[in-house]
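Below is one structure, written out as structure tokens, with a few remarks after it.
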Amino acid sequence: MAATKKAVLGPLVGAVDQGTSSTRFLVFNSKTAELLSHHQVEIKQEFPREGWVEQDPKEILQSVYECIEKTCEKLGQLNIDISNIKAIGVSNQRETTVVWDKLTGEPLYNAVVWLDLRTQSTVENLSKRIPGNNNFVKSKTGLPLSTYFSAVKLRWLLDNVKNVQKAVEENRALFGTIDSWLIWSLTGGVNGGVHCTDVTNASRTMLFNIHSLEWDKELCEFFGIPMEILPNVRSSSEIYGLMKAGALEGVPISGCLGDQSAALVGQMCFQDGQAKNTYGTGCFLLCNTGHKCVFSEHGLLTTVAYKLGRDKPVYYALEGSVAIAGAVIRWLRDNLGIIKSSEEIEKLAKEVGTSYGCYFVPAFSGLYAPYWEPSARGIICGLTQFTNKCHIAFAALEAVCFQTREILDAMNRDCGIPLSHLQVDGGMTSNKILMQLQADILYIPVVKPSMPETTALGAAMAAGAAEGVGVWSLEPEDLSAVTMERFEPQINAEESEIRYSTWKKAVMKSIGWVTTQSPESGDPSIFCSLPLGFFIVSSMVMLIGARYISGIP
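Residue 0 is where the sequence shown starts when you use numbering that gives the first Met the number 0, and the numbers rise one by one after that.
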């Protein structure tokens, strides 16, 4: 019997998309940007103490290998030759901090996730050392001093984990965000693995000068970070090294972008003023500001958008960051048990079509942009005896939209020219109720690409366009046209404003719940500082959850 002939599709490019909730590997046709196949694995999150969020770096790495192998198997079933995969890009959850032993390849502690709050007292102590008239941290990094960024997580590891301290003393320790851990491991690990990061991920550490595009000696001294453990900083599009194992051994890894920068590239926001909003675990609105750093006066971050080649110019962005978006759906599923799958939220919300005056502020990790308020905690308010799980589901979706409205308003004030529409992407955009709610609450059209995997697409584009690979053209005339789905506002502007102003009232009530916080010590006295209202709301939430878990209507 004659061998089955493999389909010829021209050069293909793979992308690792390592997010907070899951890992995926996707393969695209570099000439058409068509997604050919992919595989996804959910990643566990560990919550060892109140406010702590960790992941196992080895589980993350294993999930990448699994996704690559499974995707290659699926391509084989589709009769597509994997030898056509000419490059691999990496996109990753940003800020999440890993320290590992370069001699054994073993992580020295779990990855401390970007959402983690254990460093609040570290942040408070460091902030006292910044002169009020010279915030050199923000002027060099574009970032506020916050638990969100890698430097304070790394400082905590150096202060609290003996294995890390010892490895640093013995010159065995390497630090990196998830991209660095993956690239080092995939390119050989202890056998010559490449220890590098790209400018977008480096710009989220609070150790990187976004003007000179280098690790900053003054910042490293301020945070007490030894510079020898830091990765080499490269552009977002160049060959870093070759895959050393698995089905794609020998394929160059040639693209690297933090997930939100990757989505900006995947949405083809290459012009000054173009913006996109990604709905993942959190929610992230980025606006390309071109070659200039624009510093926000309304609570947004200044960050590196991308640098697509060693000799290419750097582009910057303004960013509005919301900690909890898709994570609130996972919380309803895993913690309250009122849905069995994330997809079920749309069905529940559709049953009622309203939150019936119930508002949900999911400030599980404090509030990020535009408030930067670590004292905030999640609240559900406006409850009545009529409120049921459908209303809470609807309120959770509304919360994502209201938070987006807040960062969009800040963006419009900083940029001076309001966005006429919002380009969106990310897993949650498949929820049509969410997309319609977003259009209603913003009161502008929401535009969604028919292929929502823009984060992976951006990483693939960077990898395929790299010097020495050259299979993906980023010239405007060569970029594939994208079909879009459009959601127009369907309520009047007055109703939209009333709902938004009530939401802002709820946000104010969420602020100041934690007045004394010591999550680093795990001190139970933290609960003594919480207002009585916290326990009332918590009890009501647990009661509602218990009733629905047990099937009581």
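From the three backbone atoms N, C-alpha and C, an ideal C-beta is built for every residue, glycine too.
Name the one or two DSSP bridge partners that residue i has.
i    : result
M483 : P448
Q39  : R23
S213 : Residue identity differs from the one stated: residue 213 is Glu in this sequence, not Ser. The partner list for E213 (beta bridge, DSSP) reads N208.
R233 : D197
G467 : DSSP lists no partner for G467.
S90  : D16 and L256
L366 : E372
W99  : P106 and L173
L300 : E318
P251 : L241
G289 : Y315
F359 : I379
I84  : L11
A392 : Looking at the DSSP assignment, A392 forms no beta bridge with any residue, so it has no partner.
Y305 : Y314
Which same chain residues, not among the five before or five after residue i, have their C-beta less than 8 Å away from its C-beta?
i    : result
E217 : F135 and K139
W155 : V111, R117, T118, T121 and E519
Q489 : Q435, A438 and D439
T70  : G13, F24, L25, V26, S36, H37 and H38
Around the C-beta of residue i, are 16 or more other C-beta atoms found within 10 angstroms, so that it is buried, or is it exposed?
i    : result
N231 : exposed
Q54  : buried
L407 : buried
A2   : In this prediction, A2 scores a pLDDT of 49, lower than 50, which makes its location untrustworthy; the coordinate-derived value is nonetheless stated afterwards. A2 should be labelled exposed.
R309 : exposed
T353 : exposed
D477 : exposed
I416 : exposed
F46  : exposed
N159 : exposed
H290 : exposed
F497 : At residue 497 the sequence reads Ile, which differs from the Phe that was named. Exposed, since its Cβ has fewer than 16 Cβ neighbours within 10 Å.
L102 : exposed
S538 : Bear in mind that a pLDDT of 41 at S538, under 50, signals an unreliable position, so the number given afterwards is only what the model happens to contain. By the neighbour-count rule (16 or more Cβ atoms within 10 Å), S538 is not buried but exposed.
L181 : buried
Excluding sequence positions up to five away, which residues of its chain have a Cβ less than 7 Å from the Cβ of residue i?
i    : result
I42  : S20, S21, T22, Q54, E58, I59 and S62
L8   : N28, I79 and N83
E105 : W99
F534 : Unreliable placement is indicated for F534, whose pLDDT of 36 sits below 50; no coordinate value is reported for it.
T386 : Y355 and C357
E405 : P369
C219 : L206 and M226
Roughly how many angstroms separate the alpha carbons of residue i and residue j, rounded to a whole number?
i    : j    : result
G325 : T277 : 10 Å
I378 : L433 : 20 Å
V264 : D258 : 10 Å
F269 : H420 : 16 Å
V351 : N411 : 33 Å
V327 : E213 : 36 Å
V357 : P251 : Val is not the amino acid found at residue 357; the sequence shown has Cys there. Rounded to whole angstroms, C357 to P251 spans 51 Å at the Cα level.
S472 : A455 : 16 Å
L114 : S364 : 6 Å
K349 : F393 : 8 Å
A464 : A32  : 13 Å
G188 : G75  : 28 Å
V198 : V303 : 7 Å
C389 : A395 : 10 Å
T482 : P312 : 29 Å
V506 : E227 : 42 Å
V468 : L307 : 13 Å
L542 : A398 : Confidence in L542 is poor, its pLDDT being 41 and thus under 50, which makes the residue's placement unreliable; the coordinate value appears in the next sentence. Cα to Cα, L542 sits roughly 21 Å from A398.
A262 : R233 : 19 Å
K346 : S429 : 13 Å
S260 : P130 : 31 Å
S495 : Q384 : 25 Å
N109 : L173 : 14 Å
L531 : E169 : Annotation note: pLDDT 37 at L531 (below 50); position unreliable, coordinate value reported separately. Straight-line Cα distance between these residues: approximately 49 Å.
V151 : T96  : 10 Å
L144 : K137 : 8 Å
Enumerate in chain order the residues of its own chain whose CB-to-CB distance from residue i is below 6 Å, with the five nearest sequence positions on each side excluded.
i    : result
V293 : L317
I338 : L331, R332 and I344
D16  : R23, S90, T454 and A455
L366 : E372 and A375
P361 : I323, V327, G377 and A398
Below 8 Å on the Cβ atoms is my guess for residue i versus residue j; work out the distance and round it to an integer in Å.
i    : j    : result
S179 : T196 : 5 Å
L241 : A461 : Actually they are not in contact, since the Cβ atoms of L241 and A461 sit about 17 Å apart, beyond 8 Å.
D413 : L284 : At roughly 11 Å, the Cβ-Cβ gap does not stay under 8 Å, so D413 and L284 are not in contact.
S184 : G192 : 6 Å
C282 : Q402 : 6 Å
S253 : A459 : About 10 Å; that fails the 8 Å criterion.
Kindly indicate if chain B contains any beta-carbon less than 7 Å away from that of residue i.
i    : result
S509 : Absent from the structure is chain B; it holds one protein chain and no more.
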